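Asks: Can you read through this structure? Questions will come right after.
In the working numbering, the protein residues as written are 24 to 113.
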């Protein structure tokens with residue numbers, strides 16, 4: 024099963040079970056400047072963190088606990104999780 028992610032600007036992306044998702048959490052400014060920590064790399068197929076009964080449930084948890092994510096490798100586009108309007112099983 025796949026999950027359609029809809030953003031506040033109307034853009035949609037589809038995350039399949041084998042789509043690699045990379046997620047980051049923004050950290051407070053330290054002496055070295057601003058930083059984003061990687062909190063997840065993997066897909067529903069190869070990551071225990073996303074292997075839930077339904078793919079959408081794992082993504083809900085991941086997006087609820089991260090600030091940014093990407094589905095492209097190498098990473099070229101970042102999505103802000105707070106811009107997500109809804110997730111839909113398709």
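Every residue, glycine too, gets a C-beta built ideally from N, C-alpha and C. Owing to the predicted nature of the structure, the values given are computational and were not obtained by experimental measurement.
Where DSSP assigns a beta bridge to residue 110, which residues make up the other side?
Replies: Walking along the chain shown from the start, residue 110 turns up at place 87. Residue 110 is bridged to 28.
Asks: Quick test of the definition: if touching needs 3 or more C-beta pairs under 8 Å, does the stretch 80-98 touch the stretch 39-56?
Replies: Because the criterion of three Cβ pairs below 8 Å is met, the stretch 80-98 and the stretch 39-56 touch.
Asks: Mind checking which residues open and close the beta strand (DSSP E) that includes residue 37?
Replies: Taking the chain shown and counting its residues from 1, the one referred to as residue 37 is at position 14. Note, residue 37: beta strand (DSSP E), 35-38.
Asks: Ignore the nearest five residues each way along the sequence and tell me which others in residue 64's own chain have a CB closer than 6 Å to its CB.
Replies: Looking up residue 64 in the chain shown gives position 41. Once the five neighbours on either side are set aside, the close Cβ partners of residue 64 are 45.
Asks: Taking the alpha-carbon positions, what's the residue 32 to residue 102 distance?
Replies: Numbered from its first residue, the chain shown carries residue 32 at position 9. Numbered from its first residue, the chain shown carries residue 102 at position 79. Answer to the nearest angstrom: the Cα atoms are 12 Å apart.
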